[in-house]
Amino acid sequence: MPESPEVEVVRRGLERWVSGRTVADVQVLHPRAVRRHTAGGDDFATALRGHRFGVARRRGKYLWLPLEDVPATDTAAADSTGGEPGAAYSVLGHLGMSGQLLVQPEAVPDEKHLRIRIRFDDIEGTELRFVDQRTFGGLSLHPNTPDGLPDVIAHIARDPLDEEFDDAAFHSALRLRRTTIKRALLDQSLISGVGNIYADEALWRARLHYERPTATLTRPRTTELLGHVRDVMNQALAVGGTSFDSLYVNVNGESGYFDRSLDAYGREDEPCRRCGTPMRRRPWMNRSSYFCPRCQRPPAGPRG
DNA sequence: TATCCGACCTGTTGGC
DNA sequence: TGCCAACAGGTCGGAT
144 MPESPEVEVV RRGLERWVSG RTVADVQVLH PRAVRRHTAG GDDFATALRG HRFGVARRRG
204 KYLWLPLEDV PATDTAAADS TGGEPGAAYS VLGHLGMSGQ LLVQPEAVPD EKHLRIRIRF
264 DDIEGTELRF VDQRTFGGLS LHPNTPDGLP DVIAHIARDP LDEEFDDAAF HSALRLRRTT
324 IKRALLDQSL ISGVGNIYAD EALWRARLHY ERPTATLTRP RTTELLGHVR DVMNQALAVG
384 GTSFDSLYVN VNGESGYFDR SLDAYGREDE PCRRCGTPMR RRPWMNRSSY FCPRCQRPPA
444 GPRG
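For the first sequence, our numbering assigns the number 144 to the initial residue and increments by one for each residue that follows.
Here it is, written out as structure tokens:
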């Protein structure tokens, strides 16, 4: 399940293997994989053909490749002078639950769930493949904002590994919300790149219950939590991300190894690594929350 | 306006 | 062995 460390691993792979290459041909093999491109698969393929990819970029779980040589059009974004020089448009990607961006030799047989194939106008002999079992992810083409960001993700907050992430502003936003801490961690407009796995891990490290109201967090507590979020992400990044099965792999098809280091997620009934109390799993928003009932005390309920 | 929650999707797993 | 339900979870949009 790709969260921002996994997406960063993929971004680095794209930067190394795809940036600077020119698109020769695009095959859209499943319409759902380009559903965010409202003009449809044929338009997506036509729009990319002949254009060169710039340096891969990322915000949270989204990554994108600026099109370096798309001529300015009548869109407002085309007047942009910020971001990637000359990049009025970008190909935006989201891996969803099970998406993979693979750079494969052209001779390698198609993956079972191959959704989009991008061939290049060079002699390297490799192509970019978007493979996605559950088709929650996809690729699409969008105009850029003046900051060089695809316009449809302008509402996505910076992720905590971004040096421009504002800890004080995040704390203020938490205090204003009438919600609980795990919901807030998964709210990509507040803080991006955190998914269910790393939210549980960071909350376990911070000894915070997932239903803790955000309005009760003190500034030191928020700072401590952000530190744990960053630690979890950096550790995952160092080993290539989390991988429970073959669904998450980098651009070369290699799995990450961070699952061996998880302290909370997926450890129902196993002893807490701090106090030995059996970990618990609770249904939460159509998914699961894993926590230690002793280290992570639930907040006090309503009076009565 | 802010927040909540179901739908989308498909392979795997477990129960019968 | 085969069938079926439950489960996994990021994002969007409708409901409250």
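For every residue, glycine included, the Cβ atom is placed at its ideal position computed from N, Cα and C. Computed from a predicted structure; not experimentally measured.
Ignoring anything shorter than 3 residues, give me the beta strand (DSSP E) runs that lie fully in the segment 249-329, in order along the chain.
257-263, 269-275, 281-286
Could you round the C-beta distance between V166 and F313 to whole angstroms and report it? I think they count as a contact, below 8 Å. Not really, about 38 Å apart at Cβ, beyond 8 Å.
| said: Given this structure, state the Cα-to-Cα distance separating P426 from V171, to the nearest angstrom. | reply: 37 Å
| Beta-carbon gap between D265 and R164 smaller than 7 Å | One thing to note: D265 has its Cβ within 7 Å of the Cβ of R164.
Using the C-alpha atoms, what's the distance from N377 back to Y205?
18 Å
Would you call Y391 buried or exposed, if buried means 16 or more other Cβ atoms sit within 10 Å of its Cβ? Confidence at Y391 is low in this model, with a pLDDT of 49, below 50, so the placement of that residue is unreliable and no value is reported for it.
Check your understanding: What is the rounded straight-line gap between the Cα of S162 and the Cα of C415?
Key -> 44 Å
Length of the line joining the Cα atoms of G242 and R178 = Cα to Cα, G242 sits roughly 14 Å from R178.
For S332, which residues in the same chain have their Cβ closer than 6 Å to its Cβ, ignoring the five residues on either side in sequence? H298, A300
- How is Q439 classed by DSSP in three states: helix, strand or coil? Note: Q439 maps to coil in three-state DSSP.
When we look at the beta-carbon of C435 and count the other beta-carbons within 10 Å, is it buried (16 or more) or exposed?
-> buried
Cβ-based neighbour list, K325, same chain, cut-off 6 Å, excluding 5 preceding and 5 following = A342, Y353
>> So, under 8 Å CB-CB, E146 and I296 are touching, yes? Tell me the CB distance rounded to an integer number of Å.
In response: The pair is not a contact, with the Cβ atoms about 16 Å apart (cut-off 8 Å).
**Request:** Check G448 in the structure and name its three-state DSSP category.
**Result:** There is simply no residue 448 to check, as the chain begins at 144 and stops at 447 in what is shown.
### Message
For S233, list the residues DSSP reports as bridge partners.
### Response
P209, H285
- Which of the three DSSP states, helix, strand or coil, is assigned to A407? coil
| field | For S162, three-class secondary structure by DSSP | value | coil
I need the DSSP call for P414, collapsed to helix, strand or coil. strand
- Message: Between the segment 267-283 and the segment 230-244, can you find at least three pairs of beta-carbon atoms closer than 8 Å?
- Response: yes
Original post:
Measuring CA to CA, which of D168, R200, G197, F196 is closest to D113?
Top reply: Limits of the chain in this structure are 144 at one end and 447 at the other, which puts residue 113 out of reach.
State yes or no: is the C-beta of G281 within less than 7 Å of the C-beta of D302?
no
What are the start and end residues of the alpha helix (DSSP H) that includes P363? 362-381
Discussion item. Only counting the same chain, and skipping five residues up and downstream in sequence, which positions put a Cβ closer than 8 Å to that of A188?
Written reply: D168, V169, Q170, V171, listed in sequence order.
Q.
Just to confirm before moving on: does the CB-CB distance between A438 and R348 stay below 7 Å?
A. The sequence given here has Cys at residue 438, not Ala. Cβ atoms of C438 and R348: not closer than 7 Å.
- Message: Using a Cβ-Cβ cutoff of less than 6 Å, which residues in the same chain neighbour H173 once the five nearest sequence positions on both sides are dropped?
- Response: R258
Check whether the Cβ atoms of S283 and H180 sit closer than 7 Å, and answer yes or no. yes
Are the CB atoms of A199 and R260 within a distance shorter than 7 Å? no
Please list the terminal residues of the continuous alpha helix (DSSP H) segment that includes F187. 184-191
TODO: Report the three-state DSSP secondary structure of Y353 (helix, strand or coil).
DONE: coil
| request: Could you check if F279 is buried or exposed, using at least 16 other CB atoms within 10 Å of its CB as the buried criterion? | output: Burial call: exposed.
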